[in-house]
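Numbering (the numbering used here), first residue to last: 2 to 433.
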Amino acid sequence: MSNFAFLPSDFRAIVESATKAEGHIMGDPRAACFHARFTLEAIVHWLYRHDAGLRMPYDQSLGALLHDPGFQNLLPEAVFQKARVIQKVGNQAVHSGRRIHQYDALQVVKELHHLCHWLVRTYTPTAAAQETAWSDQRVPKAPAAGEVVPRKELEALEKKLAEQNEAALKQQQERDELDAELQALREQLAEVRAAAQQRPDTHDYSEAETRHYLIDVELQRAGWPLDQTRDREYEVTGMPNAQCVGYADYVLWGDDGKPLAVVEAKKTTVDPQVGQQQAKLYADCLEDMEGQRPIIFYTNGYQTWMWDDTAYPPRRVAGFYKKDELTRLVLRRMQRQTLDVAEVKNAIVERYYAKRAIGSICKQFTDARRKALLVMATGTGKTRVAIALVDVLQRAGWVKRALFLADRVSLVNQACNAFKAHLPESSPVNLV
């Protein structure tokens with residue numbers, strides 16, 4: 002019997018798709034991840050149709066639906082992160098040539114199982130009384146040879162299913178507009194959901210597994226294969242404990258065998274900043290052992306903080322850096338020079354107030370401040386100040402590229418021409 006047999010008949014399409022995902026785990030992990038993602042899409046569409054608190058946004062792609070503020074508020078944080086895992090690995094299965102392992106498929110379908118349990122428990126509480134625990138014994142064995150679906154065929158299947166999904170969703174929306182009883186049903190479901198939230202949920206969502214697996218996915222997405230023993234639980238010496246030994250959760254290595262970054266992972270229920278000091282101790286040990294201080298990351302799987310403690314205070318980041326990005330940050334420590342207003346080229350700016358403004362910004366950056374706001378009146382030379390500042394930062398090795406934004410196309414064109422005239426070696430590219 003399938004692990005998804007507990008789903009009631011109201012979710013027939015979800016059951017069929019989830020069962021397909023489960024059936025491909027052993028023989029075709031890539032197809033399993035694809036069908037898991039498609040099941041997630043069906044669940045999300047069901048929620049947008051039936052939950053009174055959700056309104057379908059203009060952009061109806063899965064990523065937009067998942068990250069709509071109303072949808073994020075609807076799901077508990079642990080369940081929302083499971084949906085993110087399913088989406089990301091499902092996208093990788095179809096659009097990336099990276100090998101999808103059997104472990105990936107098993108983990109993703111388990112996350113889908115947890116999501117389905119939450120759906121049933123929240124919206125059909127009478128059905129949730131059934132036994133819903135996951136069992137590896139129920140997973141079908143590997144299919145016969147020749148049943149593996151090539152990635153190209155998955156891409157074509159994704160396009161076909163997306164078109165079918167879009168047509169079905171449109172038809173459903175038309176029916177919903179004509180169905181006068183739908184509003185009453187939504188209100189009833191809202192009451193059921195409110196009542197469900199009052200009952201304790203004893204189901205094991207295996208949050209720790211999700212956290213670790215989510216961190217793995219984020220690191221692999223940034224290009225870190227994590228295929229060597231030294232990548233995880235790396236032993237460091239010199240820790241301030243009785244054994245003088247510690248184990249860094251993740252160490253990201255450069256091509257020269259030196260550590261580029263260390264990652265400290267905490268429980269999802271713990272603020273990631275709790276791991277800041279422990280991560281720093283690991284960085285101290287790695288610096289003593291390998292002769293290079295790594296960049297520090299600490300995360301709980303939901304929030305990630307980065308800390309280059311030789312230059313800047315910690316800051317929250319959207320994800321992990323790639324190898325070439327970390328390499329550049331480490332090299333910049335040794336190569337960048339002091340920011341000196343005396344290096345400003347008179348050919349670009351020569352007015353005293355412009356140089357004072359540039360000097361003030363340079364001091365902000367030197368004092369480990371990453372942001373500065375300069376307000377100048379029209380006609381006082383803002384563009385030239387920006388050009389001179391970019392020139393100083395690039396020659397001192399503080400930045401490699403600079404992005405200049407303006408709110409009108411004419412101003413962008415004007416600024417691009419100014420860069421070409423005053424700083425031709427910067428090779429400006431007009432993205433408009």
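All residues carry an ideal CB built from backbone N, CA and C; glycine is no exception.
In this text the structure is predicted, and so the values were computed from the model without any measurement.
Residues bridged to residue i (per DSSP)
i	result
TYR104	Beta-bridge pairing links TYR104 to no other residue.
THR238	VAL246
PRO260	TRP254
MET307	PHE298 and ARG316
ALA466	Any property of residue 466 remains undetermined from this structure, which presents the chain solely from 2 to 433.
ARG233	TYR251
Coil, strand or helix - residue i by DSSP
i	result
MET27	coil
SER298	Residue identity check: residue 298 is Phe in the sequence provided, not Ser. Here PHE298 sits in strand by DSSP.
TRP119	helix
MET335	helix
PRO9	coil
GLY64	helix
THR125	coil
HIS204	coil
ILE349	coil
TRP225	coil
SER3	coil
LYS161	helix
GLN293	coil
ALA195	helix
GLY380	coil
ARG139	helix
LYS434	The requested residue 434 does not occur in the structure, where the chain is confined to residues 2 to 433.
PHE321	coil
SER427	helix
LEU412	helix
ARG371	coil
Cβ neighbour criterion (16 or more within 10 Å) applied to residue i
i	result
CYS245	exposed
ASP29	buried
VAL410	exposed
GLY71	exposed
ARG85	buried
TYR283	buried
THR127	exposed
VAL271	exposed
SER18	buried
TYR248	exposed
GLN88	buried
THR211	buried
LEU374	exposed
THR133	buried
GLN221	buried
ASN418	exposed
6 Å CB neighbourhood of residue i in its chain, flanking five on each side removed
i	result
ARG334	THR311
TRP306	PRO273, TYR299, PRO315 and ARG317
HIS204	HIS118
LEU107	ILE26
VAL391	ALA403
GLY1	As shown, the chain starts at 2 and ends at 433. That puts residue 1 outside it, with no answer to give.
PHE405	ALA416
LEU424	ILE388 and ASP392
TYR235	ALA249 and VAL252
GLN103	PRO30
GLU288	ARG294
CB contact check: residue i to chain D, cutoff 7 Å
i	result
ARG352	Considering every chain present, this structure includes no chain D. It has just one protein chain.
Residues near residue i in its chain [Cβ-Cβ closer than 8 Å; skip 5 each side]
i	result
LEU155	ARG31, ALA32, PHE35, ALA94 and VAL95
VAL400	VAL391 and LEU394
ALA14	ALA43
GLY224	LYS323 and LYS324
ASP202	ARG122
PRO241	LEU282
ARG371	TYR313 and ARG316
Distance between beta carbons of residue j and residue i, contact taken as under 8 Å
i	j	result
LEU113	ALA37	5 Å
LYS83	LEU116	5 Å
GLY380	ARG352	That pair is no contact at about 12 Å.
LEU261	PRO295	6 Å
VAL252	CYS286	Between CYS286 and VAL252 the Cβ distance is about 11 Å, and since that is not below 8 Å, they are no contact.
VAL193	TYR124	7 Å
LYS259	GLU291	6 Å
GLY320	THR269	That belief does not hold up - the Cβ atoms of GLY320 and THR269 are roughly 17 Å apart, past 8 Å.
Other residues of its chain near residue i: CB distance less than 7 Å, five sequence neighbours each side excluded
i	result
ALA22	ALA33, HIS36, ALA37, THR40, VAL110 and LEU113
TRP135	ASN4, LYS111 and HIS114
VAL342	LYS356, ILE359, GLY360 and CYS363
GLN338	ALA397 and GLY398
ARG460	Nothing can be reported for residue 460: it is not among the residues displayed for the chain, which extend from 2 to 433.
ALA369	ALA312, TYR313 and PRO314
VAL345	LYS356, ILE359, ALA389 and VAL393
ALA232	Checking the displayed sequence, the identity of residue 232 turns out to be Asp instead of Ala. The residues are TYR251 and VAL252.
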